[in-house]
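Participant: The structure under discussion is supplied below as structure tokens; questions concerning it will follow.
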């Protein structure tokens, strides 16, 4: 797990109040007791701010697992880095 | 219980002390005020000389002063005036310990917000205990809601009451005996049934409003009016269905009887209702335009008008909260974003959202599909209300809502 993923997991864990050891990539977000829509929006906003990204609306509500969310954030960060390099 | 003399503020040494009670009066009278043998848990009692009362209040800072008992032998109300000149002490409950109390009653109650007068000549520890205990209870009942005005009629509900009351519809506007069954289509009848059932969800809504707003009376009073109006929405549609030979089962009302979880922020709860009422208003108005049956058109028009009125009233209460604290604005916009941006499984509405075991979820889909554009129309009106709430004309889309929220992330 790289630094970015660690930070994503930290934000998810802190916001949804899940102990770090319990957050697995295949953990369905809807299965987390505190993961109602407003809390998930808070996660999205914090991650966007932390990495200066914009996560699309459809992803905000469509992400199924913590791993998918981490993957999406890394992909968006890579796209932004590529765009900056051009 | 801890007792101190004269002007000293007793140190809040017992950690569980949460309320102070002050007995204020001429120095020579203070020792004579009898206290009950059994202390009140969590209450500190201070005895404060008249001339030291202002300093005593200064020394409390933001600390709690629940009850003040003023020894006013001959009707001297100096300490009361000092108390009431401090806006932060309006919640403190005051009692007078006075001789010939009947003579004092009217003028004192008028200008000093006195809870009661205890006869100083017949003062016993029990009588004092009753006054203190009633004072503590009254203090607790007042709560800390900053939106409660000093005078009853100044509450928002009382200010919007006339507008709300005079725009109510009357059953005499409808004549169900004039229904022309041959003009109804089968999809319309299905939608009518679903609308009647969806409206049952407003009963737990009213229940939850009263639970969530338990510390005030303004919005709560309005919630009762709103609930009474919403109950008519199910009733009128069920009566219409009965006229055409369809009886709605009572089970549908019971499926939506359990209360759903209380929201975390009242402005957010109100925003959810602004959205659901705006969408309901547009659904009814659209359905009224599409039907050829004149009585059903009249019913749906009236219900559409009701839902618009409800959305506007929810907006008034939401605006009051948003103006009082930025965190309320953020919570309202968060809720708006979640409800407006996410239509993956169709639009959200509390009736379907909280009661998946009822037919409302599929019923809502059915209504949306009947005239899909109406949700867009409703949501544009919601965005206009949000612009007003935030006093920000740049908010034109759900993307703008998210940009606003991003700017508020700590």
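Chains as they are written, first to last, in our numbering: chain A, 70 to 155; chain B, 2 to 411. Even glycine gets a Cβ: it sits at the ideal position worked out from N, Cα and C.
May I have the straight-line CA-CA distance separating residue 307(B) from residue 276(B), to the nearest angstrom?
Facilitator: What you label residue 307(B) is simply residue 306 of the second chain in a count that begins at 1. What you label residue 276(B) is simply residue 275 of the second chain in a count that begins at 1. Cα to Cα, the separation comes out at about 14 angstroms.
Participant: Kindly provide the ranges of any alpha helix (DSSP H) runs that are 4 or more residues long and lie completely inside the segment 179 to 231 of chain B, ordered along the chain.
Facilitator: 187 to 200, 203 to 213
Participant: Could you give the distance in angstroms between the alpha-carbon of residue 186(B) and the alpha-carbon of residue 225(B)?
Facilitator: As a first step, residue 186(B) is located in the second chain; it is residue number 185 there, counting from the start. As a first step, residue 225(B) is located in the second chain; it is residue number 224 there, counting from the start. Spanning the two alpha carbons is a distance of roughly 35 angstroms.
Participant: Under DSSP, the beta strand (DSSP E) around residue 120(B) begins and ends at which residues?
Facilitator: Your numbering for residue 120(B) matches position 119 in the second chain. 115 to 120 is the extent of the beta strand (DSSP E) around residue 120(B).
Participant: Report the neighbours of residue 336(B) on chain A: residues whose CB is nearer than 8 angstroms to its CB, in chain order.
Facilitator: By 1-based counting over the second chain, the position of residue 336(B) is 335. Under the 8 angstroms cutoff, chain A gives 107.
Participant: What does residue 114(A) touch in chain B if you count any residue whose Cβ is under 9 angstroms from its own?
Facilitator: Walking along the first chain from the start, residue 114(A) turns up at place 45. Result: 335, 403, 406, 407, 409, 410.
Participant: For residue 343(B), decide whether its Cβ has a neighbour in chain A, counting only Cβ atoms nearer than 8 angstroms.
Facilitator: Taking the first residue of the second chain as 1, we reach residue 343(B) at position 342. Yes, its Cβ sits closer than 8 angstroms to a Cβ of chain A.
Participant: Establish whether the CB of residue 133(A) and some CB of chain B are separated by less than 8 angstroms.
Facilitator: Along the first chain, read from residue 1 onward, the residue named residue 133(A) stands at position 64. Not closer than 8 angstroms to any Cβ of chain B, the Cβ of residue 133(A) fails to qualify, so no.
Participant: Do residue 161(B) and residue 217(B) have their beta-carbon atoms positioned less than 8 angstroms apart in this structure?
Facilitator: Translated into positions along the second chain, residue 217(B) becomes position 216. Translated into positions along the second chain, residue 161(B) becomes position 160. In this structure, residue 161(B) does not lie closer than 8 angstroms to residue 217(B) by Cβ.
Participant: Kindly confirm or deny that the segment 279 to 288 of chain B and the segment 248 to 266 of chain B touch, where touching means at least three C-beta pairs closer than 8 angstroms.
Facilitator: no
Participant: Excluding five sequence neighbours on each side, which residues of the same chain lie with their C-beta closer than 6 angstroms to the C-beta of residue 279(B)?
Facilitator: Position 278 of the second chain, counted from the first residue, corresponds to residue 279(B). Around residue 279(B): 312, 379, 382, 383.
Participant: Quick one, which of 300(B), 182(B), 330(B), 29(B) has its alpha-carbon nearest residue 173(B)'s?
Facilitator: Sequence index remark: in the second chain, residue 173(B) carries index 172 (1-based). Taking residue 173(B) as reference, the option from 300(B), 182(B), 330(B), 29(B) with the minimal CA-CA separation is 300(B).
Participant: Quick one, which residues of the segment 369 to 399 of chain B are near chain A if we go by CB-CB under 9 angstroms, in chain order?
Facilitator: 399
Participant: Which runs of the beta strand (DSSP E), 3 residues or longer, sit entirely within the segment 62 to 106 of chain B?
Facilitator: 68 to 73, 94 to 99
Participant: Does residue 117(A) have its Cβ less than 8 angstroms from a Cβ in chain B?
Facilitator: Looking up residue 117(A) in the first chain gives position 48. Chain B places a beta carbon closer than 8 angstroms to that of residue 117(A), counting this residue as a contact.
Participant: Nearest-angstrom Cα distance between residue 51(B) and residue 97(B)?
Facilitator: Here residue 51(B) corresponds to residue number 50 of the second chain, with the count starting at 1. Here residue 97(B) corresponds to residue number 96 of the second chain, with the count starting at 1. Between residue 51(B) and residue 97(B), the C-alpha separation is close to 13 angstroms.
Participant: Give, in chain order, every unbroken run of the alpha helix (DSSP H) that is at least 4 residues long and sits entirely within the segment 267 to 294 of chain B.
Facilitator: 267 to 291
Participant: Three or more C-beta pairs under 8 angstroms: does that hold for the segment 315 to 325 of chain B against the segment 242 to 259 of chain B?
Facilitator: Contact between the segment 315 to 325 of chain B and the segment 242 to 259 of chain B is absent, because fewer than three Cβ pairs lie under 8 angstroms.
Participant: Just by C-beta distance, which residues in the segment 127 to 155 of chain A are closer than 9 angstroms to chain B?
Facilitator: 127, 129, 130, 131
Participant: Using the beta-carbon of each residue, which ones in chain B are nearer than 8 angstroms to residue 110(A)?
Facilitator: If you number the first chain from 1, residue 110(A) lands on position 41. The contacting residues are 335, 338, 339, 406.
Participant: Whole-angstrom Cβ separation of residue 266(B) and residue 315(B), contact assumed at under 8 angstroms?
Facilitator: Indexing the second chain from 1 puts residue 266(B) at position 265. Indexing the second chain from 1 puts residue 315(B) at position 314. Residue 266(B) to residue 315(B), Cβ: 14 angstroms. No contact.
Participant: I need the straight-line Cα distance from residue 146(A) to residue 122(A), nearest angstrom please.
Facilitator: Here residue 146(A) refers to the residue found at position 77 of the first chain. Here residue 122(A) refers to the residue found at position 53 of the first chain. Straight-line Cα distance between these residues: approximately 7 angstroms.
Participant: Go ahead and pull the three-state DSSP assignment for residue 44(B).
Facilitator: For the purposes of this step, residue 44(B) is taken as the residue at position 43 of the second chain. If DSSP states are grouped into helix, strand and coil, residue 44(B) belongs with the strands.
Participant: In the structure shown, what three-state DSSP assignment does residue 134(A) receive?
Facilitator: Walking along the first chain from the start, residue 134(A) turns up at place 65. If DSSP states are grouped into helix, strand and coil, residue 134(A) belongs with the strands.
Participant: With a CB to CB cut of under 8 angstroms and the five nearest residues on each side skipped, what residues in its chain are close to residue 247(B)?
Facilitator: For the purposes of this step, residue 247(B) is taken as the residue at position 246 of the second chain. So the qualifying residues of the chain are 190, 194.
Participant: Please state whether the Cβ-Cβ distance between residue 36(B) and residue 92(B) is less than 8 angstroms.
Facilitator: Working through the second chain from its first residue, we reach residue 36(B) at position 35. Working through the second chain from its first residue, we reach residue 92(B) at position 91. Cβ distance not < 8 angstroms, so residue 36(B) and residue 92(B) don't count as in contact.
Participant: When the Cα atoms are used, what is the spatial distance from residue 238(B) to residue 20(B)?
Facilitator: Position 237 of the second chain, counted from the first residue, corresponds to residue 238(B). Position 19 of the second chain, counted from the first residue, corresponds to residue 20(B). Rounded to whole angstroms, residue 238(B) to residue 20(B) spans 53 angstroms at the Cα level.
Participant: For residue 164(B), count neighbouring Cβ atoms within 10 angstroms of its own Cβ and tell me buried if that reaches 16, exposed if not.
Facilitator: Locating residue 164(B) in the second chain gives position 163, counting from the first residue. By the Cβ neighbour-count rule, residue 164(B) is exposed, with fewer than 16 other Cβ atoms within 10 Å of its own.
Participant: To the nearest angstrom, report how far apart residue 113(B) and residue 95(B) are at their CA atoms.
Facilitator: The count along the second chain starts at 1 and reaches residue 113(B) at position 112. The count along the second chain starts at 1 and reaches residue 95(B) at position 94. Cα to Cα, residue 113(B) sits roughly 8 angstroms from residue 95(B).
Participant: Output the distance between the C-alpha atoms of residue 5(B) and residue 155(B), rounded to the nearest integer angstrom.
Facilitator: On the second chain, residue 5(B) is found 4 positions in, with the first residue counted as 1. On the second chain, residue 155(B) is found 154 positions in, with the first residue counted as 1. Caution is warranted here: a pLDDT of 39 is assigned to residue 5(B), below 50, making its placement in the model unreliable, and no coordinate value can be reported.
Participant: Would you please state the rounded distance, in angstroms, between the beta carbons of residue 330(B) and residue 406(B)? I believe it to be under 8 angstroms.
Facilitator: For the purposes of this step, residue 330(B) is taken as residue 329 along the second chain, with counting starting at 1. For the purposes of this step, residue 406(B) is taken as residue 405 along the second chain, with counting starting at 1. That pair is no contact at about 10 angstroms.
Participant: What does DSSP give as the partner residues of residue 136(B) in its beta bridges?
Facilitator: If you number the second chain from 1, residue 136(B) lands on position 135. Per DSSP, none; premise fails for residue 136(B).
Participant: Sort 108(A), 72(A), 96(A), 70(A) by Cα distance to residue 83(A) and report the nearest one.
Facilitator: For the purposes of this step, residue 83(A) is taken as the residue at position 14 of the first chain. Taking only the C-alpha atoms, the option nearest residue 83(A) is 108(A).
Participant: Apart from the five residues on each side of it in sequence, which residues of its chain come closer than 7 angstroms, Cβ to Cβ, to residue 209(B)?
Facilitator: Looking up residue 209(B) in the second chain gives position 208. So the list reads 260, 261, 263, once near-sequence residues are dropped.
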